[in-house]
Ligand SMILES: *Cc1c(COP(=O)(O)O)cnc(C)c1O
C-alpha cells in the first residue's frame, strides 16, 4: 500500500457505499412517489409495514416519524404520565430517557452489565424498589439493545411480570438482531426502532417504527400517530402527534430492506475480523449466549494505561475516525441529573463512559481498510 492510500480518510459509517450499491433502485422508488404524489400515507407506507412485520415476526407494525416518536407514542398510548416510574438504563442515547420525561413520568436510571453494555437485571430490581420508596408507581421498563446487541429479554420479562410492569424494547440500534432465535420486535409488549440514516436500517431522513402483537395497542398507536384521531375525523379522542413516516422514506426503506439480511451478515464478518485482530490486546464486545448483534457500533474498551484522547488523536492522524458513545451516561447529563437512580448507584455506566470508544463499522468496510484500522489501533495502544 502506498503512503497516499495509507492516509486516505476512512468514513465512520459509509452511507455512500450503500447508496452506490442500490443505485437506480432507489432513484426509481423515489420517482414512483414523485409521480403518484401521495406523499402522506401513500401505498409504500402500508407495504413497508407489512414487510417489516414479515421480517420481524411481529403481528403489527406502526411506522412513524422517528425512533424517539416510536418510544413516546407507546408511552402515550399506554397512558404513562406523572406519578409513573419508567426504568431505563443510564448508559444509552438520550432519547430513551427523554421519551419518558416528555410524558411527565419519571425516568429511573438503572445500571448496565459490564460485558454486554445492556441493562443489569439486579440493578433493575433495585431501581423498582427505589421508585416505590419515592412514592412512584413502577409502570414500565425500557431495555435498550445497545450497539445492536439484544438485551437479556427473558430475564427482563421475568422481572417485569413479577413486578407488574410492561416492557417497551428500545431497538433503535438493534433492529435485525435476535434473541434465542427470535428477531427483536416480538420480545416485549412493544418494540421501537429508528430509521435515522446511521442506524443499521436507515432511511434518507428521519423515520421509525413500532412492533407489537397487541391488536388494541396497535390501534391506539395509529390514533396517537395522527393527533389522537377517533373514528370521526373531527373528534379527536386523545392527545397525539404528527407522527407519520413520509411515503418517500417508506419507498427508500423498501429497497434497503431487500439487502438488509446481507448487510447484517457483512457487519458480523467485520465484527469477527475486529475481534480476531484486537481481542488479545483490549476488551472487545462480547455477545451473550443466545444473543446476536447487528453491530450498530463496534465499541471497544481501552486498557487503563491508554488515554482515550491520545488514542483518538493517534487514529485521527492516520485518517481513522472514532466516536464516543457515550461520554456521559444519562444520569450525568444536565437535563437528567435530577432524576432518580437505582439504589447502589450506576458504577458500571460511569466506568464505561470513561473508557469506551467506537471504531468505524458498516457493511462495506473492506478487509484492507479494516486491516489498516486494526494496525493503527494496535500501534496506538502499544505506543
Ligand atoms: C437513535 C436512538 C433513538 C432515537 O431515534 P431517532 O430516530 O433519532 O429519534 C432512541 N434510542 C436509541 C438507543 C437510539 O440509539
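Numbering (the numbering used here), first residue to last: 36 to 418. We put the CB at the ideal spot given by N, CA and C, even for glycine. Remember, it's a predicted structure, so these values are computed and weren't measured experimentally.
1) Just checking, does the region 166–175 make contact with the region 89–98 on the three C-beta pairs under 8 Å criterion?
2) Buried or exposed: residue 281, going by 16 or more other Cβ atoms within 10 Å of its Cβ?
3) Are there three or more Cβ pairs, one per stretch, closer than 8 Å when the region 106–113 is compared with the region 275–294?
4) Ignoring anything shorter than 3 residues or poking outside the region 123–173, list the beta strand (DSSP E) runs there in chain order.
5) Consider the C-beta atom of residue 368 and the heavy atoms of ligand 1; say whether any pair is separated by less than 7 Å.
6) Take residue 48 and list the residues in its own chain whose beta-carbon comes closer than 8 Å to its own, dropping the five residues that flank it on each side.
7) Which word fits residue 168, buried or exposed, when buried means at least 16 other C-beta atoms lie within 10 angstroms of its C-beta?
8) So what does residue 72 bridge to, in DSSP terms?
9) According to DSSP, is residue 329 helix, strand or coil?
10) What does the shell around ligand 1 hold, if a residue joins when its beta-carbon is under 6 Å from any heavy atom?
11) Compute the Euclidean distance between the alpha carbons of residue 78 and residue 62, then round it to the nearest angstrom.
12) Report yes if the C-beta distance between residue 154 and residue 186 is below 8 Å; otherwise report no.
13) For the beta strand (DSSP E) holding residue 204, just list the boundary residues, first then last.
14) Taking the beta carbon of residue 371 as the centre, do at least 16 other beta carbons fall within 10 Å, making it buried, or is it exposed?
15) Suppose contacts are defined by Cβ-Cβ distances below 8 Å. Is residue 300 in contact with residue 209 by that definition?
16) Output the distance between the C-alpha atoms of residue 319 and residue 272, rounded to the nearest integer angstrom.
17) Sorted by chain position, which residues of the same chain lie with C-beta nearer than 8 Å to residue 351's C-beta, five sequence neighbours on each side aside?
18) Would a check of beta-carbon distances place residue 61 closer than 8 Å to chain B?
19) Just curious, the alpha helix (DSSP H) that residue 364 is in, first and last residue?
20) Please identify the residue among 91, 67, 312, 178 whose C-alpha is closest to the C-alpha of residue 158.
21) Specify the secondary structure class of residue 394 as computed by DSSP and reduced to three states.
22) Work out the CA separation of residue 297 and residue 303 for me, nearest whole Å.
A quick look at the data gives this:
1) no
2) buried
3) Counting Cβ pairs under 8 Å, three or more are found: they touch.
4) 141–145
5) No; taking the cut-off as 7 Å, the Cβ of residue 368 has no heavy atom of ligand 1 nearer than that.
6) 233, 395, 396, 397
7) exposed
8) In the DSSP output, where bridge partners are listed per residue, residue 72 has none listed.
9) DSSP places residue 329 in the coil class of the three-state scheme, outside both helix and strand.
10) 101, 102, 103, 127, 128, 130, 131, 179, 205, 207, 208, 229, 231, 241, 243
11) 17 Å
12) yes
13) 201–205
14) buried
15) no
16) Taking the straight line joining both Cα atoms gives about 50 Å.
17) 357
18) Considering every chain present, this structure includes no chain B. It has just one protein chain.
19) That residue, residue 364, is in no alpha helix (DSSP H); it is neither H nor E in DSSP.
20) 178
21) Collapsing the DSSP output to three states places residue 394 in a strand.
22) 10 Å
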